[in-house]
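Colleague: Heads up, the final residue of the sequence shown is numbered 762 in our numbering, and it's a clean run with no missing numbers. Beta carbons: idealized from backbone N, C-alpha and C, even for Gly. Below are the structure tokens for one structure; questions will follow.
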Amino acid sequence: EMQRRQKLKAALQSALIYPAILAVATVISLAVILFAVVPGLAPIFENAGDAAPASARFLLGVSQTMIANQTQIGVGFVVFSLSLGALLRRENARSALIQQLLRAPLIGAMMTAAETARLLRTAASVLDGGGGAPHALELAANGASFPPFRNLALTAADMVREGETLSAALARQPAFPKATLGLIAAGERSGDLAAMLNAAAGTLERKTELTAQRIATIAPPVMTLLLGGIVGGASITILSALMSVNDAAF
């Protein structure tokens with residue numbers, strides 16, 4: 513079980529780390545352009561007056577505004593970071609954020625599959641040990657990483673305790689992936705529910721790995737194009753402005 517969790521964690525990290533690195537690189541590149549490159553060329557643009565392209569004047573204005581307010585921007589960033597950290601320590605705020613992430617393409621499907629697999633694995637282990645379905649769901653809820661899935665498991669546990677079958681209780685939970693319900697129902701009919709829960713978890717784990725591979729394949733070129741477009745656009749603006757100033761001088 514621990515090896516499976518480590519494998520899933522590694523798949524998730526590998527899918528997200530490169531886009532994160534490129535995002536940081538984009539921010540650093542823009543900071544260098546706005547705080548170092550553009551200010552160095554400011555006298556040229558200012559002397560050119562109306563001869564400088566509108567895009568260059570806009571870029572210069574953004575640079576000057578950010579430099580003039582860099583203290584406020586820095587303080588604002590720190591305050592925002594601290595406020596966000598404090599907010600995310602609240603259960604309802606984390607739950608709302610995760611709900612939004614679960615609706616996102618690819619990322620949401622990967623998070624749902626990974627968390628559901630973890631719940632099913634835990635429940636299967638409890639059932640293999642002789643525990644009942646309500647107890648299995650409660651223990652699975654305790655091990656859930658995301659509040660929506662913790663609530664899902666606890667609600668399903670109450671329904672099973674009141675007489676619902678496990679598959680029927682899970683079918684009534686909107687966040688639970690419906691593709692696995694057939695396997696769970698088959699396990700109830702066959703009397704080997706734990707084995708079918710493990711089988712369903714295995715299917716979801718493979719889905720998580722495939723989705724992580726898709727993200728790892730798609731994200732790098734998309735982020736590279738985005739980075740190139742932002743940094744390249746700023747660079748082209750600067751070069752075109754210099755050429756325009758040079759043409760105007762002659």
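(1) What runs of the alpha helix (DSSP H), each 4 residues or longer, lie entirely inside the stretch 541 to 606?
(2) So the candidates are Phe557, Val550, Ala636 and Thr624; which of them puts its Cα closest to the Cα of Ser657?
(3) Looking at the structure shown, is Pro732 part of a helix, part of a strand, or coil, going by DSSP?
(4) Can you tell which of Val672, Leu596, Gly552 and Asn604 has the C-alpha that lies nearest to the C-alpha of Glu700?
(5) Rounded to whole angstroms, what's the CA-CA distance from Gln465 to Arg601? Just pull it up for me.
(6) Look at Thr628 and Phe688 and say whether their C-beta atoms are less than 8 Å apart.
(7) Under 8 Å between the Cβ atoms of Ala543 and Arg633?
(8) Just verifying my parser: in three-state terms, what is the DSSP assignment at Gln685?
(9) Does the stretch 568 to 581 come into contact with the stretch 544 to 554, if we say contact requires no fewer than three beta-carbon pairs (one atom in each stretch) closer than 8 Å?
(10) Below 8 Å, how does it come out for the stretch 603 to 623 and the stretch 714 to 726: are there three or more Cβ pairs, yes or no?
(11) What does a CB cutoff of less than 6 Å around Thr692 pick up in its chain, not counting 5 residues either side in sequence?
Modeller: Quick answer:
(1) 550 to 560, 566 to 580 and 582 to 600
(2) Within the sequence shown, residue 657 is the residue found at index 145, counting from 1. Nearest C-alpha to Ser657: Thr624.
(3) As a working note, residue 732 is residue 220 in the sequence shown. Reduced to three states, the DSSP call for Pro732 is helix.
(4) Translated into the one-based positions of the sequence shown, residue 700 becomes position 188. If we check each option's Cα against that of Glu700, Val672 comes out closest.
(5) It is not possible to answer for residue 465, since the shown part of the chain is limited to 513 through 762.
(6) The residue labelled residue 628 in the question sits at position 116 within the sequence shown. The residue labelled residue 688 in the question sits at position 176 within the sequence shown. Their beta carbons are under 8 Å apart, which means Thr628 touches Phe688 by this criterion.
(7) Here residue 543 refers to the residue found at position 31 of the sequence shown. Here residue 633 refers to the residue found at position 121 of the sequence shown. Not in contact: Ala543 and Arg633 (Cβ atoms no closer than 8 Å).
(8) In the sequence shown, the residue the question calls residue 685 occupies position 173. It is coil, neither helix nor strand.
(9) yes
(10) yes
(11) As a position in the sequence shown, residue 692 is number 180, starting the count at 1. Cβ within range, chain order: Ala712.
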